Amino acid sequence: MNHHITQTMAAGLLTVCLVGCETMSPSKLSTITKADFGKTSEGQAVEIYTLHNSKGAEARILTYGGIVQKLSMPDKHGKFADVVLGYDQLQGYLDKTPYFGALVGRYGNRIGAGKFTLQGTTYQLATNNGANALHGGLKGFDKVVWTAKSSVGVHGPQLALAYVSKDGEEGYPGNLEVTAIYTLTENNELKLEYTAKTDKPTVLNLTHHSYFNLAGQGNGDILGHVVYINADQTTPVDSGLITTGKFADVTGTPFDFRTPTAIGTRINDPNPILQYGPGYDHNWVINKPLGAFGLQARVVEPTSGRVLEVWSDEPGLQFYAGNFLDGTITGKGGAVYKIHDAFCMEPQHYPDSPNKPNFPSVELKPGQTFHNTIVYKFSVE
Ligand code: GLA
5 MNHHITQTMA AGLLTVCLVG CETMSPSKLS TITKADFGKT SEGQAVEIYT LHNSKGAEAR
65 ILTYGGIVQK LSMPDKHGKF ADVVLGYDQL QGYLDKTPYF GALVGRYGNR IGAGKFTLQG
125 TTYQLATNNG ANALHGGLKG FDKVVWTAKS SVGVHGPQLA LAYVSKDGEE GYPGNLEVTA
185 IYTLTENNEL KLEYTAKTDK PTVLNLTHHS YFNLAGQGNG DILGHVVYIN ADQTTPVDSG
245 LITTGKFADV TGTPFDFRTP TAIGTRINDP NPILQYGPGY DHNWVINKPL GAFGLQARVV
305 EPTSGRVLEV WSDEPGLQFY AGNFLDGTIT GKGGAVYKIH DAFCMEPQHY PDSPNKPNFP
365 SVELKPGQTF HNTIVYKFSV E
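So for the sequence shown, the working numbering puts the first residue at 5; every next one is plus one.
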């Protein structure tokens, strides 16, 4: 094993074998390797890590934004395809990205008027989404370079990313130390475990923003994907997609995904709250006790047979149907990304929670450790 590590390190790569390095072909090893991926406009070096499990699945993750740049998973015939949208080069991510594959923080989703009050102090954030704040601000966690540490453990190759967000960054209080650990498990799961600590009371809502297409990125729209969401209720929104603070029963509405239903079946339903999207861009209230880890959603792509399950300990799930993709982005392999060419499943707390005292709290206090685990589990049927 040591011999193998030394050889590959000499080639400028770090490759670690989990088991049986001598007898298995390279594609059957559980490995993590790194390579340069360019520089930010401020000249910061960005690296790309490639994670392989022994089943042939592959994830490529950038230190810039913790972006999942590629995620290769098998179909029902064992044929692999890249199931996430993105760019081939760093420049694409630097120029224009709707959060492709990124870590999102400090506050994923919207805060009304970009304003909240905590312990008597009112904080004003940048308003980067109409009148509201979205996804951490002008330079959120999706646009910073994280420090990386790689390893291969019993569960598979792992990339531990760390970032310290300074007190006042993007208007949020407290020095915040965040870690985001990605693992590509032997069960074809991409697992993301967040922890965070602060030195002042603050608010926090960390999530992940991969754009999935289970038929393979660049292979058309996701309207035929069949979705199940484990939720009896949503948090209705106004026309700016800010939650009203109420809860709504999904029964009899296009938000009822308790019976698996194709995304396209009701996406043009005249339901006014759906049309604010326009299309699905809403938060579901997951049926499970607060803080419990459980199944949030299951998505099936009938042609390839690929299945994605979303598991998390977060109370909510933002299901976004790629409504704002409009053909102006040319991504990986020259694919032009059009409306509904991908969907996002973002486990999180409810939108605008800092201003909604009846929603589960998003406050983090000094001495507490924030935890959030998100698992994207792939299989076939
Ligand atoms: C989230 C939001 C959407 C949109 C996308 C990024 O899913 O809810 O409204 O902003 O991110 O384009």
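For glycine and all other residues, C-beta sits at the position ideal for the given N, C-alpha and C.
Remember, predicted model here, so these are calculated numbers, not experimental data.
Check: For E385, does the count of other Cβ atoms within 10 angstroms reach 16, so buried, or fall short, so exposed?
Finding: Residue burial is scored here from C-beta neighbours: E385 has fewer than 16 other C-beta atoms within 10 angstroms and is therefore classed as exposed.
Note to self: Buried or exposed for D356, going by 16 or more other Cβ atoms inside 10 Å?
What the structure shows: Counting Cβ neighbours within 10 Å, D356 comes out buried, since at least 16 surround it.
Checklist line | Per-residue DSSP class, three states only, for L329 | finding: Secondary structure of L329 (DSSP, three-state): coil.
Notebook entry, point to check: Is it buried or exposed for F261, if we count other Cβ within 10 angstroms and need 16 for buried?
Noted result: By the neighbour-count rule (16 or more Cβ atoms within 10 Å), F261 is buried.
Note to self: What does DSSP give as the partner residue(s) for L299 in the beta ladder?
What the structure shows: W315, per the DSSP bridge assignment.
Margin query: Does the distance between the C-beta of F145 and the nearest non-hydrogen atom of the ligand GLA fall short of 7 Å?
Written below: No; taking the cut-off as 7 Å, the Cβ of F145 has no heavy atom of the ligand GLA nearer than that.
Next item on the list: Starting from the C-beta of K38, find all residues in its chain whose C-beta is less than 8 Å away, skip the five residues before and the five after it, and write them out in chain order.
Entry: The residues are L17, L18, E51, I52, Y53, T54, A152, S154.
Check: Nearest to T332 by alpha carbon, out of Y324, Y341, A325?
Finding: Of Y324, Y341, A325, the residue nearest in Cα terms is Y341.
Next item on the list: Would you check if the region 178-195 and the region 82-97 touch, i.e. whether three or more CB-CB distances between them fall below 8 Å?
Entry: Using a Cβ-Cβ distance cut-off of 8 Å, the region 82-97 and the region 178-195 are not in contact, since fewer than three pairs of beta carbons, one from each stretch, lie closer than that value.
Check: Y97 lies in the alpha helix (DSSP H); which residues open and close that run?
Finding: Per DSSP, Y97 belongs to the alpha helix (DSSP H) from 94-99.
Notebook entry, point to check: So what does DSSP say about Q372, is it helix, strand or coil?
Noted result: Under the three-state reduction of DSSP, Q372 is assigned to coil, being neither helix nor strand.
Note to self: Between which two residues does the beta strand (DSSP E) holding Q128 run?
What the structure shows: Here the beta strand (DSSP E) through Q128 covers 125-128.
Notebook entry, point to check: Since I290 and G281 are thought to touch, with beta carbons under 8 Å apart, how far apart are those beta carbons, to the nearest angstrom?
Noted result: Not really, about 19 Å apart at Cβ, beyond 8 Å.
Next item on the list: Would you tell me roughly how many angstroms separate the C-alpha atoms of G397 and T121, rounded to the nearest one?
Entry: Any question about residue 397 goes unanswered here, given that the chain covers just 5 to 385.
Check: Is the beta carbon of F382 within less than 7 Å of some heavy atom of the ligand GLA?
Finding: F382 Cβ: outside cutoff for every heavy atom of the ligand GLA.
Check: Buried or exposed: which applies to D86, given that a residue is buried once 16 or more other Cβ atoms fall within 10 Å of its Cβ?
Finding: By the C-beta density criterion, D86 is buried, having at least 16 other C-beta atoms within 10 angstroms.
Note to self: Does E174 come out as helix, strand or coil in the three-state DSSP assignment?
What the structure shows: Shown here, E174 sits in a helix according to DSSP, grouped into three states.
Next item on the list: Note down, in chain order, each residue of its chain lying with its Cβ closer than 6 Å to the Cβ of I378, except the 5 sequence neighbours on either side.
Entry: Around I378: L196, H212, S316, P351.
Checklist line | Run of the beta strand (DSSP E) containing L278, from where it starts to where it stops | finding: Under the DSSP assignment, L278 falls outside any beta strand (DSSP E), being part of the alpha helix (DSSP H) whose first and last residues are 276-279.
Check: Thinking just about the alpha-carbon of each residue, which of I71, G175, I233 is nearest to the one in L163?
Finding: Relative to the Cα of L163, the nearest Cα in the group I71, G175, I233 belongs to I71.
Checklist line | Rounded straight-line distance, which links the Cα of K143 to that of P68 | finding: Checking the sequence, you will find Tyr at residue 68 rather than Pro. Take the alpha-carbon of Y68 and the one of K143: they are about 12 Å apart.
Next item on the list: Determine the contact status of L218 and L89, defining contact as a CB-CB distance below 8 Å.
Entry: In terms of Cβ geometry, L218 and L89 do not form a close pair [threshold 8 Å].
Margin query: Tell me which residue opens and which closes the beta strand (DSSP E) that Y186 is part of.
Written below: Run containing Y186: 180-188, per the beta strand (DSSP E) assignment.
Note to self: Looking at the strands, I want to know which residues DSSP matches up with S155.
What the structure shows: Partner(s): Q162.
Check: When the Cβ atoms of the region 262-271 are set against those of the region 229-247, are three or more pairs found closer than 8 Å?
Finding: Taking a cut-off of 8 Å on C-beta distances, the region 262-271 touches the region 229-247, as three or more cross pairs fall below it.
Note to self: Between the alpha carbons of N179 and D242, how many angstroms are there, rounded?
What the structure shows: Going by the C-alpha atoms only, they are around 33 Å apart.
Next item on the list: Give me the Cβ distance between A346 and Y215, rounded to the nearest whole Å; I'm assuming they're in contact under 8 Å.
Entry: Sure, about 4 Å apart at Cβ, within 8 Å.
Next item on the list: Would you kindly report the start and end of the unbroken beta strand (DSSP E) that includes G244?
Entry: No beta strand (DSSP E) contains G244, which DSSP labels as neither H nor E.
Notebook entry, point to check: If you run the structure through DSSP and keep just helix, strand and coil, what is I52?
Noted result: Note: I52 maps to strand in three-state DSSP.
Next item on the list: Alpha carbon to alpha carbon, how far is S383 from G172? Give it in angstroms, no decimals.
Entry: C-alpha separation (whole angstroms): 42 Å.
Check: In angstroms, rounded to a whole number, what distance separates the CA positions of V366 and V207?
Finding: Straight-line Cα distance between these residues: approximately 5 Å.
Next item on the list: Identify the continuous beta strand (DSSP E) that holds L75 and give its terminal residues.
Entry: That run of the beta strand (DSSP E) goes 72-78.
Margin query: What I want to know is whether the C-beta of Q128 ends up closer than 7 Å to one or more non-hydrogen atoms of the ligand GLA.
Written below: No, the ligand GLA has no heavy atom inside 7 Å of this Cβ.
Item checked: I226 - DSSP class collapsed to helix/strand/coil -> I226 falls in the coil class under three-state DSSP.
Check: CB of P102 to nearest heavy atom of the ligand GLA: below 7 Å?
Finding: Because some heavy atom of the ligand GLA lies under 7 Å away, the Cβ of P102 counts as near it: yes.
Next item on the list: Check whether the Cβ of Y324 lies closer than 7 Å to any heavy atom of the ligand GLA, and answer yes or no.
Entry: At least one heavy atom of the ligand GLA is nearer than 7 Å to the Cβ of Y324, so yes.
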